[in-house]
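S.K.:
Numbering (this note's numbering), first residue to last: 9 to 334.
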């Protein structure tokens, strides 16, 4: 595409993930304040891949908002469209790791700055000049920010950007799961590229078989040009134009937590598309894409947090070379 200001423009939540950090000497639980938020996590990994990125969102004019602004700038993400609002506090998430590997989320967001973005605050020309526009459902939980998100999708599509969507289901943030389903379905119908997790496939289709669930989604949403399914330790799947691929996860030990793994995976998929395009993706290309994305996702699980824990391209390539030798 010609005359594109950014490779990827993302809109949504930018928040502090208070991640489980064990217990103090007194036996109290401790949490580390890690900068995060799925859309900006994606951009942080894309910057590691050398892509130009900008973020649209809102943080509070408080200690956490300042931390986030500094972190995003440090990552090389353009912050011109990141609004610092004095009238509302930065959104916070408490992430507790469970013994089975799942995570329990508690959000402080009533309201949070990210949900206060409004349509009139959107950077119209930027949205029309992005190669890819990426969003998720956390910016669709409340009417005002939902309207802004939908308008942003429309503006980006009018500029011929590819639309990328991550359903990113977080039940505590919705008034009802039926409302969550409706907004996820809207996102699927509006997008070219979707990264979805295995539990979200089951939520939307009732299928525990990823292949059958993916087939149902592709039948319901013929607009989808690439669908990827992440299944944690069970690997990842990709479907595009009749071609499909599966690549197992990297199970090498050393995992600390999984925060940001799906976002890292998503960023690597978008990075691959920026380099190779969507047209003509076959099983070989999908497999190559998934291997790189799985390797990067594994590496981010060996550190805490997301934005500041994204691996360098050389680290991912080194892991892939090592895997080929073993």
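Note that CB positions come from ideal geometry on N, CA and C, so glycine has one too.
Hey, out of 197, 64 and 175, whose CA is closest to residue 133's CA?
M.R.: Locating residue 133 in the chain shown gives position 125, where the first residue counts as 1. Residue 133 has its Cα closest to that of 64, out of 197, 64 and 175.
S.K.: Where residue 248 and residue 118 are concerned, what is the direct C-alpha to C-alpha distance, given to the nearest angstrom?
M.R.: Residue 248 sits at position 240 when you count from the first residue of the chain shown. Residue 118 sits at position 110 when you count from the first residue of the chain shown. C-alpha separation (whole angstroms): 39 Å.
S.K.: Go to residue 324, then tell me how far its alpha helix (DSSP H) extends in each direction, as first and last residue.
M.R.: Indexing the chain shown from 1 puts residue 324 at position 316. Looking at the DSSP string, the run of the alpha helix (DSSP H) that includes residue 324 is 321-333.
S.K.: Answer with buried or exposed for residue 191, where buried requires no fewer than 16 other C-beta atoms within 10 angstroms of its C-beta.
M.R.: On the chain shown, residue 191 is found 183 positions in, with the first residue counted as 1. Buried.
S.K.: Tell me, please, whether the region 47-55 touches the region 121-135 by the rule of three or more beta-carbon pairs shorter than 8 Å.
M.R.: In short, these stretches do not touch, since the Cβ pair count stays below three.
S.K.: Is the distance from the Cβ of residue 46 to the Cβ of residue 271 below 8 Å?
M.R.: Numbered from its first residue, the chain shown carries residue 46 at position 38. Numbered from its first residue, the chain shown carries residue 271 at position 263. The answer is yes: Cβ separation under 8 Å.
S.K.: Considering only C-alpha positions, which residue in the set 44, 12, 253 and 179 is nearest to residue 20?
M.R.: In the chain shown, counting from the first residue as 1, residue 20 sits at position 12. Residue 44 is the option with its Cα nearest to residue 20.
S.K.: Let me know if residue 38 comes out buried or exposed under the rule of 16 or more other beta-carbons within 10 Å of its beta-carbon.
M.R.: Along the chain shown, read from residue 1 onward, the residue named residue 38 stands at position 30. Per the 10 Å Cβ criterion, exposed.
S.K.: Can you name the start and end residues of the alpha helix (DSSP H) that residue 56 belongs to?
M.R.: On the chain shown, residue 56 is found 48 positions in, with the first residue counted as 1. Residues 46-56.
S.K.: Quick check on residue 289: does DSSP put it in helix, strand or coil?
M.R.: Counting from one through the chain shown, the residue named residue 289 turns up at place 281. Coil.
S.K.: From 101, 200, 239 and 142, pick the residue whose C-alpha is nearest to that of residue 301; which is it?
M.R.: Here residue 301 refers to the residue found at position 293 of the chain shown. It is 239.
S.K.: Over the uninterrupted beta strand (DSSP E) stretch that includes residue 205, give me the two end residues.
M.R.: Position 197 of the chain shown holds residue 205. Residue 205 -> beta strand (DSSP E) spans 201-205.
S.K.: Does the structure place the region 195-207 close enough to the region 156-175 that three or more beta carbon pairs sit under 8 Å?
M.R.: Contact holds: three or more Cβ-Cβ distances are below 8 Å.
S.K.: Could you tell me the distance, in whole angstroms, from the CA atom of residue 263 to the CA atom of residue 217?
M.R.: Here the question's residue 263 lines up with position 255 in the chain shown. Here the question's residue 217 lines up with position 209 in the chain shown. When rounded, the distance between both Cα atoms is 26 Å.
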